[in-house]
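In this text, residue positions in the sequence shown follow the working numbering: the first is 304, and each later residue adds one. Even glycine gets a Cβ: it sits at the ideal position worked out from N, Cα and C.
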Amino acid sequence: MKIYIKTYGCQMNENDSEVAKYYLEIEGYEITDDEESADIVILNTCVVRKKAEEKFYSAIGEFKKKNKKIGIMGCGADKEKENLFKRGVDFIVGTRAIPRISEAVEYSLKNKKVAFFDDLLDEIDYKKIIKRNSKHHAWITIIYGCNRFCTYCIVPYTRGREKSRKMEDILSEASNLAKTGIKEITYLGQNVDAYGKDLNDGSSLAKLLHKTAEIPQIERIWFLTSYPTDFSLDIAKEISKSNKIGKNIHLPVQHGSNKILKKMNRRYTIEEYKELIKNIREIVPDASITSDIIVGFPDESEEDFLNTVKLVKEIKFERLNLAIYSPREGTIAWKFFQDNVPRIIKTRRMAYLLNLQKEINRALNEKYLEREVEVIVESEGKNGIFYGRDIRNKIIGFNASAEMIGKKVLVKIKKITAGPLYGDIVKLL
Ligand code: SF4
């Protein structure tokens, strides 16, 4: 019996798919990369944007036509629940019920429709889940859910409240992975800085980073995604002390206007955000600060937008993920706010910020020219160029060979763009 898993959305979904694969394989199911030959297709879904939701609904239609059995995991499962049966889905497994995935498959083979939403997170034995999609990099989820309830966001309703994993459990997972050749890990959480707060045993992201850096085979450690008021400067201190912890802090600001931040229920002012960046830069002078911004949130005036422009110019983010606001069913903003910024204005504001950020990227990248940076070789691009990242999370392209994937090399930067940097390998480290 062959099963194909298609993963949409964020890195946490990628990690969940790896966990699901483990539970399916121990029950004897074969995981395939070939959707055509699969008997069962599991869609690990994302609903964070309307487009993402539309994508998996259209995939359900496509796979139905091919007479595949279809299972749904991910945020789409928790958002739509049993309604998905009306679409012809065979089984549904919520984000916290992954250990029951093979049971759900078994029921579907007997033509029984089941939906599991139990919270079985404590049952997941991560020490045994050592198979990863990459040979040198692993995603590790350290905290589930989110308590922040930003008014535009569906995540607290799909992934539930914050729940941290025990620190010793995470560390033994990281050590086991290191023994299999994993050199780089990324700790994941919707609000990764809240890690440990619910455990009440002194655990924190800063302590976890410190301990992880002591694992000899681990060469790089990243963490995603930070929330400004939960970010502790102890994390910055750990970054400054270690040459293993990535100097990239992804700190979504979402908007440059206090009026809009309040409406978004982001629990900081723009002044507090700027103060935090200043403090981080004092501790880690070459920190790479990246961010997310939403354009066209309800009631965003021209003045509010110009405040965002001002902030972007002032902070000079190393990278910016820009999104045009669209209401997500089930959120506070969808229920109570009018989506009242005309599409044409949203698009114009988005284009303006895109151009501005491109200029900033280019100017920041200029500083890299002729510099030598340590890069872990990650993958080969479609153009035959190999790519990797430096300690600041800059994407760097160079000529290499497949055997070098996972190795650390020194690259001299020869060409810059507003996106990746390009250079030549100087030596193998
Ligand atoms: S902090 Fe992030 S995940 Fe949590 S509600 Fe806000 S946007 Fe969503």
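Quick one: grab the DSSP three-state call for residue i.
i, result
"Ala721", "coil"
"Gln557", "strand"
"Thr634", "coil"
"Asn503", "coil"
"Met376", "strand"
"Ala516", "helix"
"Asn551", "strand"
"Asn414", "coil"
"Asn318", "helix"
"Asn568", "coil"
"Gly684", "coil"
"Gly364", "helix"
"Ala441", "strand"
"Thr611", "helix"
"Arg622", "strand"
"Lys353", "helix"
"Asn658", "helix"
"Lys649", "helix"
"Ile401", "helix"
"Thr532", "helix"
"Glu333", "strand"
"Arg390", "helix"
"Glu673", "coil"
"Tyr498", "coil"
Express the C-alpha separation of residue j and residue i in angstroms, rounding to a whole number.
i, j, result
"Asp381", "Gly397", "5 Å"
"Glu782", "Asp425", "Residue 782 is absent from the structure shown; the chain starts at 304 and stops at 732."
"Ile404", "Ile334", "13 Å"
"Ala509", "Leu536", "9 Å"
"Ser320", "Glu605", "42 Å"
"Trp637", "Lys358", "20 Å"
"Leu491", "Glu317", "11 Å"
"Glu328", "Lys565", "47 Å"
"Lys715", "Glu673", "6 Å"
"Ile473", "Tyr498", "12 Å"
"Tyr326", "Pro531", "36 Å"
"Ile635", "Val712", "48 Å"
"Asp337", "Tyr307", "7 Å"
"Glu522", "Glu385", "44 Å"
Would you mind working out which of the options sits nearest residue i, comparing C-alpha positions?
i, options, result
"Ile709", "Leu732, Lys466, Thr720", "Here residue 709 turns out to be Gly, not Ile, going by the sequence shown. Selected option, being the one with the closest Cα: Leu732."
"Gly687", "Ala705, Asn643, Asp607, Gln641", "Ala705"
"Gly726", "Glu675, Gly391, Lys711, Lys415", "Glu675"
"Lys661", "Leu564, Gly684, Val615", "Val615"
"Asn696", "Pro531, Trp525, Arg631", "Trp525"
"Lys415", "Cys449, Gly448, Gly391", "Gly391"
"His553", "Glu541, Lys566, Arg462, Thr528", "Thr528"
"Asp642", "Arg631, Arg652, Arg651", "Arg631"
"Lys649", "Val598, Val678, Ile580", "Val598"
"Gly379", "Ile345, Val408, Ile443", "Ile345"
"Gly331", "Met315, Ile375, Glu409, Arg352", "Glu409"
"Arg584", "Ile618, Gly312, Arg569", "Ile618"
"Lys324", "Glu339, Ile401, Phe366, Val351", "Ile401"
"Gly505", "Lys469, Ala481, Ser478", "Lys469"
"Pro555", "Val495, Ser545, Leu512, Ala516", "Val495"
"His513", "Lys540, Leu502, Met653", "Lys540"
Taking 6 Å as the cut-off, is the CB of residue i close to at least one heavy atom of the ligand SF4?
i, result
"Cys453", "yes"
"Cys313", "no"
"Cys349", "no"
"Cys378", "no"
"Pro459", "yes"
"Tyr530", "yes"
"Asn318", "no"
"Asn624", "no"
"Gln493", "yes"
Where does residue i land, buried or exposed, given buried means 16+ other C-beta within 10 angstroms?
i, result
"Ala703", "buried"
"Leu724", "buried"
"Glu669", "exposed"
"Glu356", "buried"
"Thr348", "buried"
"Lys354", "exposed"
"Gln493", "buried"
"Lys431", "exposed"
"Val729", "exposed"
"Leu412", "exposed"
"Gln520", "exposed"
"Asn610", "buried"
"Thr310", "buried"
"Ile548", "buried"
"Asp533", "buried"
Step through the CB atoms of chain C and report whether any lies within less than 7 Å of the CB of residue i.
i, result
"Ile375", "Included in the structure is just one protein chain, with no chain C present."
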